[in-house]
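These notes concern the structure reproduced below.
Protein chains: 2
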Amino acid sequence: MRLYDSAVSGNCYKVRLLLAMQGLACERQQVDVVDRSGREELLGALNPALRVPTLVLDDGEPLAESNAILCYLAEGTPLLGEDRLERARVLQWLFFEQYSHEPYIAVVRFWVCFAADPPGEAEVEARRRGGYAALDAMERHLGARSYLVAERFTVADIALYAYTHVAHEAGFEMARYPAIAAWLARVASQPGHIPITA
Amino acid sequence: MRLYDSAVSGNCYKVRLLLAMQGLACERQQVDVVDRSGREELLGALNPALRVPTLVLDDGEPLAESNAILCYLAEGTPLLGEDRLERARVLQWLFFEQYSHEPYIAVVRFWVCFAADPPGEAEVEARRRGGYAALDAMERHLGARSYLVAERFTVADIALYAYTHVAHEAGFEMARYPAIAAWLARVASQPGHIPITA
Numbered sequence: 128m129r130l131y132d133s134a135v136s137g138n139c140y141k142v143r144l145l146l147a148m149q150g151l152a153c154e155r156q157q158v159d160v161v162d163r164s165g166r167e168e169l170l171g172a173l174n175p176a177l178r179v180p181t182l183v184l185d186d187g188e189p190l191a192e193s194n195a196i197l198c199y200l201a202e203g204t205p206l207l208g209e210d211r212l213e214r215a216r217v218l219q220w221l222f223f224e225q226y227s228h229e230p231y232i233a234v235v236r237f238w239v240c241f242a243a244d245p246p247g248e249a250e251v252e253a254r255r256r257g258g259y260a261a262l263d264a265m266e267r268h269l270g271a272r273s274y275l276v277a278e279r280f281t282v283a284d285i286a287l288y289a290y291t292h293v294a295h296e297a298g299f300e301m302a303r304y305p306a307i308a309a310w311l312a313r314v315a316s317q318p319g320h321i322p323i324t325a
Numbered sequence: 128m129r130l131y132d133s134a135v136s137g138n139c140y141k142v143r144l145l146l147a148m149q150g151l152a153c154e155r156q157q158v159d160v161v162d163r164s165g166r167e168e169l170l171g172a173l174n175p176a177l178r179v180p181t182l183v184l185d186d187g188e189p190l191a192e193s194n195a196i197l198c199y200l201a202e203g204t205p206l207l208g209e210d211r212l213e214r215a216r217v218l219q220w221l222f223f224e225q226y227s228h229e230p231y232i233a234v235v236r237f238w239v240c241f242a243a244d245p246p247g248e249a250e251v252e253a254r255r256r257g258g259y260a261a262l263d264a265m266e267r268h269l270g271a272r273s274y275l276v277a278e279r280f281t282v283a284d285i286a287l288y289a290y291t292h293v294a295h296e297a298g299f300e301m302a303r304y305p306a307i308a309a310w311l312a313r314v315a316s317q318p319g320h321i322p323i324t325a
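In order, the protein sequence lines correspond to chains A and B. With the working numbering applied, the first sequence corresponds to residues 128 to 325, in that order. With the working numbering applied, the second sequence corresponds to residues 128 to 325, in that order.
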């Protein structure tokens, strides 16, 4: 498999983390996430959204969207959930991540850590409020649970871990969130775990 | 089943449309999408994101995120895809919809049609550019295809149809998109189709 990848992207890290936990190898091709020129030539035939990660399977079929790739790789295993309701709850958290979490926490991290021309502090702060809303929702949920779904590690945990464990880089005060901290440690202790820098 | 619903929300319409196509009934409880006070009391125990749609199944189990609900209802049918790669491609489009389409087209439609205090025209136009990028990606993809995945109607078509077929209400010039227009007509001709106003 070939992964169109970015070393700093949490969305790409999700895929690398699951592949490592599954003991699967892939070839990594780095794609610049700051200078986006050349995306059409590189990814136009593979991913209509022109984003990373994009995974090309061994038979040449391309697959895009980080959370869809997680589901593909986890299909047929307990990581996707054991029954219809568990699978739907895993998907619920994957959609929560892409709609209510990533656009705030990942975007603020990108602005703070990587962007050449980030917006002003007022816009960053407005976006950070959305990130705190997502973290508040996770803290409420994890206060009574060990993992996001079914009291067992699933791809929902991988998807939410990716940007939550680096949210402090974006200036989020993570000391407010003891249940999230305990859950992050549980995910980091899973067999096969690798850091985002691996 | 009980659906916490909004008559004007495309996300809620996705669920109503699939239920109608499957011949399934549900009780609908209207939730205000302009005045969001009281959400915590109404949905706090059901959906950590406090959004509609939220579906409560016959056994009382709550399920949230429109596209996760579509997958739950479609599981075990061809509407979710016939094999592992088709299912992953359906998910790819569902995540595209929530990340690259809905935050632009649905949000502009909300501002233009429903919001009590919409932002200024510059912000609306900036957001509209993101919507055009999503429509451009769909047009390129549908130019050579009848449906989004596997040349067959799936929940990916339901999810993208919901806000695309009302994008003109948000001021998008849909005459630019002949392949999308033909696809919208194909979706509208599916057995059991109901309009968003039903």
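Each residue gets a CB set at the ideal place from its N, CA and C atoms; glycine is no exception.
* Beta-carbon gap between Pro-175/B and Leu-130/B smaller than 8 Å -> no
* Asked: From Asp-284/B to Ala-201/A, what does the alpha carbon distance come to, in whole angstroms?
  -> 24 Å
* To do: Out of Ala-243/A, Gly-258/A, Glu-209/A, point me to the one whose CA is closest to Glu-224/A's CA.
  => Gly-258/A
* Using DSSP bridges, identify the partner residues of Asp-340/A. => Residue 340/A cannot be examined here, being either before or after the span of chain A that is shown, 128 to 325.
* Spatially closest choice to Asp-159/A from Asp-185/A, Ala-325/A, Arg-143/A, Val-135/A, by CA coordinates -> Val-135/A
* Can you find a CB in chain A that lies within less than 8 Å of the CB of Ala-264/B? -> yes
* To do: Can you give me the start and stop residues for the beta strand (DSSP E) that Thr-181/A sits inside?
  => 181 to 183
* Roughly how far, in whole angstroms, is the beta-carbon of Ile-307/A from the beta-carbon of Leu-275/A, given that I think they are within contact range, below 8 Å? -> Contact doesn't hold; Cβ gap of about 11 Å is too wide.
* Between Arg-279/B and Tyr-199/A, is the Cβ-Cβ spacing less than 8 Å? -> no
* Kindly say whether Arg-267/B, judged by its beta-carbon, lies nearer than 8 Å to any beta-carbon of chain A. => yes
* **Ala-309/A versus Glu-252/A: straight-line alpha-carbon distance, rounded** => 26 Å
* Asked: Considering only the beta carbon of each residue, do Gly-137/A and Ala-233/A sit closer than 8 Å?
  -> yes
* Check the Cβ-Cβ distances between Pro-230/B and every residue of chain A, and say whether any is below 8 Å. => yes
* Name the residues in the stretch 205 to 229 of chain B whose C-beta lies less than 9 Å from a C-beta of chain A; which are they? -> Arg-211, Leu-212, Arg-214, Ala-215, Arg-216, Val-217, Leu-218, Gln-219, Trp-220, Leu-221, Phe-222, Phe-223, Gln-225, Tyr-226, Ser-227, Glu-229
* Counting only beta-carbon atoms, is Ala-233/A nearer than 8 Å to chain B? -> no
* Using three-state DSSP, classify Pro-305/B as helix, strand or coil. => helix
* Verify the CB distance criterion: does Pro-175/B have a CB-CB separation below 8 Å to chain A? => yes
* Asked: If you run the structure through DSSP and keep just helix, strand and coil, what is Pro-245/B?
  -> coil
* contact_flag[the stretch 204 to 223 of chain A, the stretch 184 to 198 of chain B] where n(CB pairs < 8 Å) is 3 or more -> yes
* **Of the residues Gly-270/A, His-292/A, Tyr-231/A, Glu-250/A, the one placed nearest Ala-260/A, counting alpha carbons only** => Tyr-231/A
* **Proximal residues to His-295/B (C-beta, below 7 Å), its chain only, five neighbours per side dropped** => Met-301
* Verify the CB distance criterion: does Tyr-68/A have a CB-CB separation below 8 Å to chain B? => Outside the displayed span of chain A (128 to 325) sits residue 68/A, for which this structure offers no information.
* To do: Measuring only between beta-carbons, confirm whether Tyr-199/B sits less than 8 Å from chain A.
  => yes
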